[in-house]
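What follows is a single structure, written as structure tokens, with notes after it.
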Amino acid sequence: MDKVKEIVSEINNGNPKPIYFLMGDEPYYIDRISQYIAENVLTEDEKGFNQMVLYGKDTSVDDIVANAKRFPMMAQYQVVIVKEAQHLSRTIENLVSYAENPQPTTILVLCYKYKKLDKRKKLYKAINKSGELFESKKLYDNQVADWIRRTLASKKYKISPKACVMLVEYLGTDLSKISNELDKLTLIVPPTKEITPELIEEHIGISKDFNNFELKKAIGERDVKKASRIIDYFAQNPKDNPFVVTVTLLNTFFTQLLQYHGLKDHSPGNVAKVLGVNPYFVNEYVVAAKNYPMKRVSGIISSLRNLDLKGKGVGASNMGQADLLKELLSEII
1 MDKVKEIVSE INNGNPKPIY FLMGDEPYYI DRISQYIAEN VLTEDEKGFN
51 QMVLYGKDTS VDDIVANAKR FPMMAQYQVV IVKEAQHLSR TIENLVSYAE
101 NPQPTTILVL CYKYKKLDKR KKLYKAINKS GELFESKKLY DNQVADWIRR
151 TLASKKYKIS PKACVMLVEY LGTDLSKISN ELDKLTLIVP PTKEITPELI
201 EEHIGISKDF NNFELKKAIG ERDVKKASRI IDYFAQNPKD NPFVVTVTLL
251 NTFFTQLLQY HGLKDHSPGN VAKVLGVNPY FVNEYVVAAK NYPMKRVSGI
301 ISSLRNLDLK GKGVGASNMG QADLLKELLS EII
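Quick note on numbering: UniProt numbering labels position 239 of the sequence shown as 239, and the sequence is numbered without any gaps.
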């Protein structure tokens with residue numbers, strides 16, 4: 001986030017780099033930076049003659065260089081954006097000569113998704129010297145909730161911890177998808193109002209009562225009745241509640257619970273830090289630890305791994321989601 005702000009700031013201050021090489025496994029920031037450059041460097045009148053979008057599948061490094069060496073018409077800069085540049089990975093090193101001596105009146109943006117340049121090669125070193133190398137890294141699962149909170153905070157919004165977890169569980173780590181849903185919410189919800197599970201359910205369609213978050217909580221409390229209702233709902237709505245997501249989340253929960261049992265310091269602050277969870281959820285681990293001793297937790301983790309294999313068709317090709325969910329609940333409680 002800090003690097004993105006730095007890039008935006010230098011563009012706003014009229015000091016853009018001649019080359020922006022945007023690479024990495026997270027396409028969200030690559031798209032956002034390239035879009036920002038496309039929308040903010042040139043005026044609408046200047047874009048007609050001075051802004052060009054190329055696609056990696058349909059162009060070559062030679063064509064990119066030829067376009068980059070053109071001079072702008074009645075503008076300070078021309079902008080050349082190469083989308084899906086990863087399709088040029090076999091020949092991308094041919095860009096070295098241009099990168100060593102880029103056209104100062106051209107802003108060349110290369111969107112190199114899901115791949116990275118080799119730091120040992122000449123192109124990496126040349127761009128690192130003359131332009132901007134930006135690596136967009138995929139967030140870990142436990143980092144996404146904090147990303148949501150910070151993104152909303154930058155827009156003067158607040159979100160409750162449960163609502164945040166609901167979004168992560170439902171949307172995963174796809175930042176583009178999450179960003180789209182957050183945009184919908186900010187159009188509907190005024191900044192002074194906290195985004196709650198009820199608003200998530202109403203406007204995004206995620207059930208506030210029948211989701212993996214509530215299942216995890218019910219299992220931790222050994223609330224068989226509530227857990228069974230959620231399992232039945234999942235069985236009736238398999239597309240919205242895939243088994244692999246449920247078993248993965250529960251495996252994470254019990255792995256963290258095993259860590260909790262091994263802690264000497266059970267203060268809320270230390271538990272939140274070591275387990276990588278919001279302090280709001282620490283009490284769930286306190287309750288679950290009373291219901292599941294360490295030895296039992298180890299057995300549950302082993303069972304969950306076997307169920308994960310069954311869910312992928314290993315040794316249980318005829319088991320449907322309903323049967324897998326029932327076995328899961330039976331194995332745990």
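Even for Gly, the Cβ is constructed at its ideal location relative to N, Cα and C.
Keep in mind it's a predicted model, so treat the numbers as computed, not measured.
Check: Report the rounded CA-to-CA distance for Asp58 versus Met73, giving the unit in angstroms.; Outcome: 25 Å
Check: Measuring from the CB of Glu44, is there a heavy atom of the ligand GDP at a distance below 7 Å?; Outcome: You won't find the ligand GDP in this model; it holds no ligand whatsoever.
Check: Between Ile230 and Phe210, which are expected to be in contact by the criterion C-beta below 8 Å, what is the C-beta distance as a whole number of angstroms?; Outcome: 5 Å
Check: Measuring straight from C-alpha to C-alpha, what distance separates Tyr292 and Leu250?; Outcome: 13 Å
Check: What separation, rounded to the nearest whole angstrom, lies between the Cα atoms of Met23 and Ile30?; Outcome: 7 Å
Check: Cutting at 7 Å between CB atoms, please list the residues of its own chain near Thr196, excluding the five before and the five after it.; Outcome: Ser160, Ala163
Check: Indicate the three-state DSSP secondary structure (helix, strand or coil) for Gln103 in the structure shown.; Outcome: coil
Check: Three or more beta-carbon pairs under 8 Å between the segment 241-249 and the segment 260-273, yes or no?; Outcome: no
Check: Tell me, which residues are paired with Leu110 by DSSP?; Outcome: Phe21, Val82
Check: Tell me which residues share the same chain as Glu331 and place their Cβ nearer than 6 Å to its Cβ, disregarding the 5 neighbours each side in the sequence.; Outcome: Ser303
Check: Leaving out five residues before and five after Lys116 in sequence, what residues of the same chain have Cβ atoms less than 7 Å from its Cβ?; Outcome: Met23, Gly24, Glu135
Check: When you compare only the Cα positions, how much space is there between Lys158 and Ala218?; Outcome: 26 Å
Check: Rounded to the nearest angstrom, what separates Lys226 and Pro279 at their Cα positions?; Outcome: 24 Å
Check: Alpha carbon to alpha carbon, how far is Glu26 from Val80? Give it in angstroms, no decimals.; Outcome: 22 Å
Check: Nearest to Leu307 by CA position, among Cys111, Val297, Pro191, Lys326, is which residue?; Outcome: Lys326
Check: So does the segment 116-125 actually touch the segment 83-93, counting three or more Cβ pairs closer than 8 Å?; Outcome: yes
Check: Do Ile11 and Val41 have their C-beta atoms within less than 8 Å of each other?; Outcome: yes
Check: With respect to the beta strand (DSSP E) encompassing Phe134, which residues constitute its N-terminal and C-terminal limits?; Outcome: 132-135
Check: Suppose you measure from the CA of Val297 to the CA of Lys239; what does that come to, to the nearest Å?; Outcome: 29 Å
Check: Under 8 Å, do Gln78 and Thr106 count as touching if we go by C-beta distance?; Outcome: yes
Check: Spell out the partners DSSP gives Tyr55 in its beta bridges.; Outcome: Lys83
Check: Taking the Cβ atom as the reference point for each residue, do Pro18 and Gln103 lie within a distance shorter than 8 Å?; Outcome: yes
Check: Any beta carbon from chain D within less than 8 Å of Val297's own beta carbon?; Outcome: Given the protein chain composition of this structure (a single chain), no chain D is represented.
Check: I need the straight-line Cα distance from Gly311 to Gln321, nearest angstrom please.; Outcome: 8 Å
Check: Helix, strand or coil for Ile127, going by three-state DSSP, please let me know.; Outcome: helix
Check: In whole angstroms, give me the CA-to-CA distance for Ser9 and Val82.; Outcome: 22 Å
Check: Taking buried to mean at least 16 other C-beta atoms within 10 Å of its own C-beta, is Glu132 buried or exposed?; Outcome: buried
Check: Determine the direct distance from the alpha carbon of Gln86 to that of Lys121, and round the result to whole angstroms.; Outcome: 16 Å
Check: Going by the CB atoms, is the gap between Phe254 and Ile300 shorter than 8 Å?; Outcome: yes
Check: Note down, in chain order, each residue of its chain lying with its Cβ closer than 6 Å to the Cβ of Leu328, except the 5 sequence neighbours on either side.; Outcome: Leu307
Check: Expressed to the nearest angstrom, what Euclidean distance is found between the alpha-carbon atoms of Asn212 and Tyr170?; Outcome: 9 Å
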